[in-house]
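These notes concern the structure reproduced below.
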Amino acid sequence: MSDLGKPRTDLRIKKIKQISIAIDTWDDVFSDFDPRPIKDRMLSEDFIVELKKRYRETKKGDFVIEILAPVDLCNPNTERSVIQRLKRDFKHRSLQKRKELSKLRRRGTVFVLFGIFFLTALTLLTYYKVVSKLAIEILGIIFMPLGWFGIWEGFSKIVDPSRVSIQEEIIFDKLSRAVIKFHYIEEDLATD
């Protein structure tokens, strides 16, 4: 039988990347300054930084986040709460970054519109000779740089917004869709 009839699951599996992180306590995942229950606690910034660093090492494909934890942390209810909390936080961070990018692009549009306004005003004042030549020269000193600055800075914000924000939005979006698994390990009590 030829390989043509077989599904190509091996290609899909190769696209899945695993990020493994070992923890000793839940304080490695959540802020140890936050006394609230796990389902409400803030995530540890060290945990977030480590996930982002591991993501950057293997950007392509889908992700499985494997959390290696001591057996004494094994609790199915806590596990579900942690998974829900992580996914909720990653989704929230992704949406926040998306809003920041949208806000930056709106500001860029305002810059462009003001730039066009200043250049159009200067052109109309010059063409219709509404004010004296001296006033046009003085307004030109002010309006011309404002106009061009607004246009170029605005297009810069629209076309090429903050690369960091774009990358963070992508990272958190992928992490929010990642499969999160727990693997519990026995602590090695042997001494050297």
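Residues 352 to 543 in the working numbering are what the sequence shown spells out, letter by letter. We put the CB at the ideal spot given by N, CA and C, even for glycine.
For Pro421, three-class secondary structure by DSSP: Numbered from 1 along the sequence shown, position 70 holds the residue referred to as residue 421. Three-state DSSP puts Pro421 in a strand.
Cβ separation of Lys508 and Phe462, assumed to be a contact under 8 Å, to the nearest whole Å: As a working mapping, residue 508 is identified with position 157 in the sequence shown. As a working mapping, residue 462 is identified with position 111 in the sequence shown. Right, the Cβ-Cβ distance comes to about 7 Å (below 8 Å), so this counts as a contact.
Beta-carbon proximity of Ile370 to Leu402, cut-off 9 Å: For the purposes of this step, residue 370 is taken as residue 19 along the sequence shown, with counting starting at 1. For the purposes of this step, residue 402 is taken as residue 51 along the sequence shown, with counting starting at 1. Against a cut-off of 9 Å, the Cβ pair of Leu402 and Ile370 comes out as a contact.
Beta carbon of Leu497 nearer than 9 Å to that of Phe465: If you number the sequence shown from 1, residue 497 lands on position 146. If you number the sequence shown from 1, residue 465 lands on position 114. A contact, by the Cβ cut-off of 9 Å.
Proximity of Arg436 and Arg392 at Cβ, strictly below 9 Å: Taking the sequence shown and counting its residues from 1, the one referred to as residue 436 is at position 85. Taking the sequence shown and counting its residues from 1, the one referred to as residue 392 is at position 41. Cβ distance < 9 Å, so Arg436 and Arg392 count as in contact.
Pairwise C-alpha distance: Asp413 and Ala529: As a position in the sequence shown, residue 529 is number 178, starting the count at 1. As a position in the sequence shown, residue 413 is number 62, starting the count at 1. So the alpha carbons of these two residues sit roughly 7 Å apart.
Neighbourhood of Thr542 by C-beta, 6 Å cutoff - its chain only, sequence neighbours within 5 removed: Here residue 542 is taken as the residue at index 191 of the sequence shown, counted from 1. At Thr542 the pLDDT is 41, less than 50, meaning the model places this residue with poor confidence; the figure from the coordinates comes in the next sentence. Cβ neighbours of Thr542 beyond the five flanking positions: none.
CA nearest to the CA of Thr471, picked from Phe523, Trp499 and Ile517: Taking the sequence shown and counting its residues from 1, the one referred to as residue 471 is at position 120. Residue Trp499 is the option with its Cα nearest to Thr471.
Val515 classed as buried or exposed, judged by whether at least 16 other C-beta atoms fall within 10 angstroms: For the purposes of this step, residue 515 is taken as the residue at position 164 of the sequence shown. Under this definition Val515 is an exposed residue.
Secondary structure of Val333, DSSP reduced to three states: Nothing in the structure corresponds to residue 333, since the chain is present only between 352 and 543.
Which of helix, strand or coil DSSP assigns to Lys368: Walking along the sequence shown from the start, residue 368 turns up at place 17. Lys368: strand per DSSP, three-state reduction.
Assigned secondary structure, Phe500 (DSSP; H/G/I helix, E/B strand, else coil): Walking along the sequence shown from the start, residue 500 turns up at place 149. Phe500: helix per DSSP, three-state reduction.
Alpha-carbon spacing of Pro388 relative to Ile521, whole angstroms: Taking the sequence shown and counting its residues from 1, the one referred to as residue 388 is at position 37. Taking the sequence shown and counting its residues from 1, the one referred to as residue 521 is at position 170. Looking at the two C-alpha atoms, the distance is approximately 29 Å.
Residue(s) in a DSSP beta bridge with Ala373: As a first step, residue 373 is located in the sequence shown; it is residue number 22 there, counting from the start. Beta-bridge pairing links Ala373 to Leu419.
Cβ shell of Arg449 (< 6 Å), same chain only, five flanking positions each side left out: Position 98 of the sequence shown, counted from the start, is the residue given in the question as residue 449. Closer than 6 Å at the Cβ level, and outside the excluded window around Arg449, lie Glu520.
Alpha carbon of Leu475 to alpha carbon of Val482, nearest angstrom: Start at 1 with the first residue of the sequence shown, and residue 475 comes out as number 124. Start at 1 with the first residue of the sequence shown, and residue 482 comes out as number 131. Computed Cα separation, rounded: 10 Å.
Three-way DSSP call (helix, strand, coil) for Lys480 in this model: Stepping through the sequence shown from its first residue, residue 480 is reached at position 129. Of the three classes helix, strand and coil, the one that applies to Lys480 here is coil, per DSSP.
Nearest-angstrom Cα separation, counted from Ile367 out to Met352: Here residue 352 corresponds to residue number 1 of the sequence shown, with the count starting at 1. Here residue 367 corresponds to residue number 16 of the sequence shown, with the count starting at 1. Note that Met352 scores a pLDDT of 43, beneath 50, so its modelled location is shaky and nothing firm can be said.
Lys532, enclosing beta strand (DSSP E) - first and last residue: As a first step, residue 532 is located in the sequence shown; it is residue number 181 there, counting from the start. Val530 to Ile536 is the extent of the beta strand (DSSP E) around Lys532.
Cβ neighbour criterion (16 or more within 10 Å) applied to Ala486: The residue given as residue 486 occupies position 135 in the sequence shown. When all chains shown are included, Ala486 counts as exposed.
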